[in-house]
Amino acid sequence: MPACYKLDLQSNSWIYLADVPTNTEENAESCGWLPSAELNGALWVAGGYMINGGSSDQTSLIYPNGTVTEGPTLLPEKDYGHSMATLHDGRIAFCNLKSKQYIYDPATNTFSTLPNTGKPAHGCVAFNCAIYDYRPTLIAITSANAKTDVEILDYTSPDATWEYVNSLTFTIEGDLREQLLTTPSGDGVLFQYKAHFYELSCDTTTCTWFIRNEDMPSSPGPHASIMKYLPSGFKCPE
53 MPACYKLDLQ SNSWIYLADV PTNTEENAES CGWLPSAELN GALWVAGGYM INGGSSDQTS
113 LIYPNGTVTE GPTLLPEKDY GHSMATLHDG RIAFCNLKSK QYIYDPATNT FSTLPNTGKP
173 AHGCVAFNCA IYDYRPTLIA ITSANAKTDV EILDYTSPDA TWEYVNSLTF TIEGDLREQL
233 LTTPSGDGVL FQYKAHFYEL SCDTTTCTWF IRNEDMPSSP GPHASIMKYL PSGFKCPE
């Protein structure tokens with residue numbers, strides 16, 4: 053059974069917090085690919101790959117004190133390998149390999165659909181894009197026919213559609229889930245894939261990727277990492 057751990061800043065060590073609940077419908081345990089996002093002071097774990105095969109539509113809330121409750125709602129469909137991106141207004145976008153994107157609204161506890169990318173979306177995140185006058189924008193990395201594209205969606209504008217920005221020079225294997233992160237300035241995107249870190253920078257007409265100087269100590273594989281911001285004042289061990 054997958055377990056949730058939290059990082060204790062005093063001891064700089066991971067502490068067991070709670071088990072991820074069993075899928076009650078299938079009476080089977082989740083075994084991985086569990087996307088998550090912060091929701092109402094808890095970690096919202098949604099969907100996941102099941103130990104007996106298939107995927108789940110169930111969700112759970114895991115709180116910092118170890119309390120685990122059922123999530124606010126089921127997913128619109130069973131899914132795993134999707135990514136969850138918190139938007140500027142607290143809603144949460146879901147992007148998945150089934151070419152479907154949708155938004156969860158905590159205020160109404162409902163899902164609504166986003167325009168379809170028409171191809172698998174390996175991961176997505178929100179940032180303020182210069183192309184759209186720095187309005188909140190959803191960016192997704194998609195693939196089809198051995199080509200990996202970067203697309204953006206001006207999701208606060210009526211009738212917005214996904215627009216092609218550029219293509220990566222390599223093909224993505226599997227899903228990214230939490231390997232995309234908004235830059236501290238809010239107007240760019242960080243992306244980790246295998247041993248390298250990439251950064252997306254935009255002006256008013258286009259966006260460009262460049263490889264950052266930092267590298268992973270060793271390549272973790274195509275989809276084995278989670279990127280999160282650490283609290284202010286955190287010091288890495290020497």
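Residue numbers (the working numbering): 53 to 290.
Ideal placement from N, C-alpha and C gives every residue a C-beta, glycine not left out.
Every value quoted in this text rests on a predicted model; they were computed, and no experiment measured them.
Assigned secondary structure, residue i (DSSP; H/G/I helix, E/B strand, else coil)
i, result
"residue 183", "helix"
"residue 291", "Examination of residue 291 is not possible in this model, given that the chain is present from 53 through 290 alone."
"residue 267", "strand"
"residue 278", "coil"
"residue 140", "coil"
"residue 89", "strand"
"residue 201", "strand"
"residue 110", "coil"
"residue 217", "strand"
"residue 250", "strand"
"residue 98", "strand"
"residue 222", "coil"
"residue 156", "strand"
"residue 119", "coil"
Status (buried if at least 16 other CB within 10 Å, exposed otherwise) for residue i
i, result
"residue 156", "buried"
"residue 210", "exposed"
"residue 175", "buried"
"residue 243", "buried"
"residue 79", "With a pLDDT of only 48 at residue 79, under 50, the local geometry of the prediction cannot be trusted, and the value read off the model is given with reservation. Under this definition residue 79 is an exposed residue."
"residue 169", "buried"
"residue 62", "exposed"
"residue 148", "buried"
"residue 108", "buried"
"residue 222", "exposed"
"residue 133", "buried"
"residue 236", "exposed"
"residue 67", "exposed"
"residue 204", "buried"
Short Cβ contact (8 Å threshold) for residue i with residue j
i, j, result
"residue 334", "residue 87", "A query on residue 334 cannot be resolved here, the shown segment of the chain reaching from 53 to 290 and no further."
"residue 192", "residue 144", "no"
"residue 217", "residue 202", "yes"
"residue 70", "residue 118", "yes"
"residue 234", "residue 178", "yes"
"residue 180", "residue 255", "no"
"residue 277", "residue 231", "yes"
"residue 158", "residue 91", "yes"
"residue 224", "residue 248", "no"
"residue 167", "residue 208", "no"
Residues sharing a beta bridge with residue i, DSSP
i, result
"residue 175", "193"
"residue 58", "67"
"residue 288", "Bridge partners of residue 288: none, in fact."
"residue 188", "180"
Cβ of residue i within 8 Å of any chain C Cβ
i, result
"residue 253", "Although the question refers to chain C, the structure presented lacks it and comprises just one protein chain."
Report yes or no: do the segment 102 to 118 and the segment 138 to 150 share at least 3 C-beta pairs separated by less than 8 Å? no
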